[in-house]
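Protein chains in written order, with the working numbering: chain A, 1 to 300; chain W, 1 to 300. Beta carbons: idealized from backbone N, C-alpha and C, even for Gly. Everything numeric in this text was worked out from a predicted model, so none of it was measured.
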């Protein structure tokens with residue numbers, strides 16, 4: 001064991017330990033995906049068609065977003081109004097900033113809002129922990145007092161009794177200006193790089209992309225400040241934005257989310273923190289919240 | 001203060017605290033970039049032209065990689081041999097897996113290796129902490145006993161006296177098969193999503209992309225397993241791969257890295273953990289290693 005230089009001794013922190021009330025079983029030699037494949041039907045919950053927002057881009061590319069009304073009810077209801085009114089028919093992707101966000105919306109601040117949209121929603125950046133059923137991550141979170149999962153959402157937990165959705169890869173948030181503007185939901189962005197969790201509690205997160213993420217990431221980066229596309233550059237168009245509930249049941253895209261309360265999710269989480277198939281030489285014994293993506297699958 | 005449900009009480013962990021030996025000064029109301037702009041010339045170190053690998057893609061797109069010989073000396077020396085021999089003249093990008101990696105190399109396992117290349121390098125996945133001068137991150141790391149920066153590299157520190165480079169966004173690693181193959185360095189990948197740090201200590205990291213990252217991320221995702229491009233799909237070509245030291249000084253691209261021992265880096269790190277310009281309503285009081293990108297700038 002080498003001697004630690006002083007700077008290093010200061011840098012070392014106690015190693016986070018998994019929360020466990022019973023002795024841990026031996027590590028499984030299995031991939032996370034193989035565990036997910038074993039989950040029985042009861043381990044999955046269907047996504048409500050009113051919480052499933054679909055964006056069609058050019059060339060038939062489809063992006064599916066699950067909305068989070070339990071965290072940002074007013075913003076989500078606004079988004080439903082925008083979708084039902086067809087308000088986004090001339091929307092486009094305005095900004096792609098590498099390792100940060102892709103943002104889309106209507107580039108016209110004077111366009112009248114559809115009926116029912118709340119022009120100045122409350123700052124739905126956190127919610128109370130009351131009534132939230134959380135399954136713990138089991139490892140320390142550098143940004144919050146704790147972290148875990150609630151009904152399929154990665155959440156951060158704060159010592160003041162609040163919880164927030166988190167800016168993990170694929171999270172969808174509401175573009176906003178400065179105080180007191182929280183944004184209406186007319187302009188949205190998604191995280192396309194390492195989780196910028198400094199944005200947590202500073203922006204309303206309204207959902208996450210559960211399918212078609214590559215259509216938001218494999219895009220030319222904008223060359224202007226903040227990744228905005230330069231004047232004259234052709235911007236990717238949003239051809240259609242709608243809720244699954246707006247189309248006939250037979251035509252509806254549908255998805256299921258693995259319940260974090262299931263045995264399979266518990267095994268999946270543990271193997272994400274201790275990868276143990278033939279490729280791996282060393283297990284980490286830990287994992288961060290955004291590296292435990294909650295599994296989603298399409299339903300045919 | 002609401003009552004915490006039982007599941008939540010189990011999930012809560014002690015809040016990580018910054019390491020501080022003197023009372024912290026008041027938070028600056030400034031952006032991280034503005035701090036970096038204030039750094040004097042002495043706060044920057046130049047990158048050795050033998051450690052600067054350049055990749056030119058079609059259309060004059062250039063990607064710059066700083067190599068890390070202090071962590072993976074044999075693999076880095078191999079890479080220099082490949083570059084000097086022009087071995088990668090027919091290399092292409094073979095795989096782009098969303099939220100994971102872009103990988104490139106020569107798709108011919110029988111192509112003879114250039115002189116000097118070590119065919120089976122040692123597993124340079126960790127190094128000893130001995131002789132490594134680390135500046136601590138100051139916040140807990142879910143994957144390791146500690147985390148910090150060493151000569152511009154984000155490193156994880158383990159209780160067995162070792163350190164590893166980390167799979168942060170832009171990290172460059174060596175593609176490999178199973179035991180005892182560590183890969184020669186002929187096939188490389190870079191991280192294009194949320195840090196897959198379960199790979200730390202399982203693969204040789206040889207460097208990181210310091211410029212042109214968008215040319216590796218704004219690419220169509222492959223549709224085959226692991227994001228490999230399907231048969232018949234045109235793959236992006238690597239037109240030229242070379243070390244800065246292989247070209248005349250007047251023609252050399254050059255970059256500088258902000259020293260983590262500088263006052264400006266300490267301020268930058270603190271503001272990354274406590275964003276405090278006009279946009280932010282709440283400071284996190286913490287940050288994860290890969291969300292503190294070490295600043296790099298081109299030198300004209």
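Under the 8 Å criterion on CB atoms, residue 74 of chain W is classed as non-interfacial with respect to chain A. Put simply, the CB of residue 281 of chain W is near chain A, with a gap under 8 Å to one of its CB atoms.
Beyond the five residues adjoining it in sequence on each side, residue 67 of chain A comes within less than 7 Å, by CB distance, of 51, 53, 76, 79, 206 and 207 in the same chain, given in chain order. Contact annotation for residue 217 of chain W against chain A: 98, 99, 192, 193, 217, 218 and 221 [CB-CB distance below 9 Å, chain order]. Against chain A, the CB of residue 143 of chain W has a partner CB under 8 Å away; the residue lies at that interface.
Any Cβ of chain A closer than 8 Å to the Cβ of residue 236 of chain W would place that residue at the interface, and such an atom is absent.
The region 193-272 of chain A contains, as complete beta strand (DSSP E) runs of 3+ residues, the segments 205-211, 238-243 and 255-258 (chain order). Of all alpha-carbon atoms in A/87, A/200, A/151 and A/285, the one lying nearest the alpha-carbon of residue 126 of chain A is that of A/200. Residue pairing by DSSP places residue 297 of chain A opposite A/256 in a beta bridge.
Among the bridge pairs identified by DSSP, residue 61 of chain W is matched with W/57. CA-CA distance, residue 147 of chain A to residue 289 of chain A, rounds to 7 Å.
Using beta-carbon distances, residue 213 of chain A counts as an interface residue toward chain W, with a partner under 8 Å.
Burial is judged here by how many other beta carbons sit within 10 angstroms of a residue's own beta carbon; residue 141 of chain A has at least 16 and is buried. Taking C-alpha positions only, residue 216 of chain W is separated from residue 220 of chain A by approximately 11 Å. One finds nothing in chain A with a Cβ atom closer than 9 Å to the Cβ of residue 297 of chain W; even the nearest lies about 16 Å away. Out of A/244, A/152 and A/172, the CA that lies nearest to the CA of residue 265 of chain A is found in A/152. Looking at the DSSP output, residue 154 of chain A sits in a beta bridge with A/149. Counting C-beta pairs closer than 8 Å gives fewer than three between the region 165-181 of chain W and the region 264-281 of chain W, which falls short of the contact rule. Cα atoms of residue 34 of chain W and residue 226 of chain A: separation of roughly 15 Å, rounded to the nearest angstrom. Around the C-beta of residue 27 of chain W, fewer than 16 other C-beta atoms lie within 10 Å, and the residue is accordingly described as exposed. In this structure residue 204 of chain W is buried. Its beta-carbon is surrounded by 16 or more other beta-carbon atoms within 10 angstroms.
About 5 Å separates the beta carbon of residue 257 of chain W from that of residue 296 of chain W, a gap short enough to meet the 8 Å contact definition.
Of W/136, W/195 and W/294, the smallest CA-CA separation from residue 101 of chain W is found for W/195. DSSP assignment within the region 93-156 of chain W yields the following whole beta strand (DSSP E) runs of 3 residues or more, N-terminal first: 101-105 and 146-150. By DSSP's assignment, residue 88 of chain A forms no beta bridge with any residue. Look at the region 264-281 of chain W: the residues with a C-beta under 9 Å from a C-beta of chain A are 272, 273, 274, 275, 278, 279, 280 and 281. Taking residue 32 of chain W as the centre and dropping the five residues before and after it, the same chain places the C-beta of 268, 271 and 272 closer than 7 Å to its C-beta, in chain order. Contact annotation: in the region 169-188 of chain W, residues whose CB is within less than 7 Å of a CB in chain A are 169 and 178. At a C-beta separation below 7 Å, residue 286 of chain A has these neighbours in chain W: 142 and 143. In this structure, the straight-line span from the alpha carbon of residue 92 of chain W to that of residue 233 of chain W is close to 12 Å. Short of 6 Å from the beta carbon of residue 229 of chain A, and not among the five residues preceding or following it, lie these beta carbons of its own chain, in chain order: 222 and 235. Closer than 8 Å at the C-beta level to chain A, one finds these residues of the region 196-213 of chain W: 196, 197, 198, 200, 201, 202 and 213. For residue 164 of chain A, DSSP records a beta bridge to A/156. Contact check for residue 64 of chain A against residue 160 of chain A fails: the beta carbons are separated by 8 Å or more. Taking 8 Å as the cut-off, the Cβ atoms of residue 242 of chain A and residue 145 of chain A do not count as close.
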